[in-house]
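Since the structure comes first, as structure tokens, the remarks are kept for the end.
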């Protein structure tokens, strides 16, 4: 039987760190059906809200916390990181990263092609989860997350970062306008574009670029899981794949981290 716990992915450096639990959860092991099969954690999707809520409870259990102790932001493709000390009271804040030093409070983000990034400073006991789409990455979501972690006592040289499954370079065709826009804001992104010889269109290495932004923020220990959400339908939801297939909506997988 597939469960969220035995289907989730982990990153070695975070797995080796004491005092925390993390997971890049796949789409497997939940209760949703149809195009949302089965661990859809996107409460903003058109899936039955009861299914998404139950799926999030399954994820919380895999992390060892109560359902209300797993929190995610209202993601807006920004560079905004928020600090959490307790579960949200009312609506989730509009942000793309959550930072905490509170034991037992699992912080997570949702993705369906964008790069999920989990951070931890095991010495300072500070963890974070960030949603790095191209807009957020270019505008500085990684740096905002690191700065918020520093505010809680973390230091970049002690931070471990892991980048989970995301759309890969080979299938992330973006167009010349996209490339021009990114390079206008960050000329150092140039190495992360490659031109497809058959189409002449540029492709973008999102995970590689996010790893570079981590390094620029002073993080020396960065791991990429290196799996493609678009290519692996059995394990991952993908916004772009849903668009190519003409589906009316798509599910979201979750990545989360918690201090023991």
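Residue numbers (the numbering used here): 2 to 261.
Glycine included, each C-beta is placed from N, C-alpha and C at the ideal position.
| Check | Outcome |
| --- | --- |
| Extent of the continuous beta strand (DSSP E) to which residue 99 belongs | 98-101 |
| Inter-residue CB distance, residue 39 and residue 55 (contact presumed, cutoff 8 Å) | Between residue 55 and residue 39 the Cβ distance is about 11 Å, and since that is not below 8 Å, they are no contact. |
| Inter-stretch contact (C-beta, 8 Å, three-pair minimum) for the stretch 203-213 and the stretch 167-182 | yes |
| Exposure of residue 135, with buried meaning 16 or more beta-carbon neighbours within 10 Å | buried |
| Contacting residues, own chain, Cβ-Cβ under 6 Å from residue 23 (five flanking each side not counted) | 15, 119 and 258 |
| Exposure label - residue 75; buried when at least 16 CB within 10 Å | exposed |
| Cross-strand partners of residue 82 (DSSP beta bridge) | 98 |
| Through-space distance from residue 248 to residue 87, alpha-carbon basis | 37 Å |
| Residue 251 in three-state terms, based on DSSP | coil |
| Sequence ranges, beta strand (DSSP E) only - wholly within the stretch 11-45, length at least 3 | 21-25 |
| Contact between the stretch 181-199 and the stretch 104-117 (3+ Cβ pairs under 8 Å) | no |
| Same chain only: Cβ atoms within 7 Å of residue 225, ignoring 5 sequence neighbours per side | 164, 208 and 212 |
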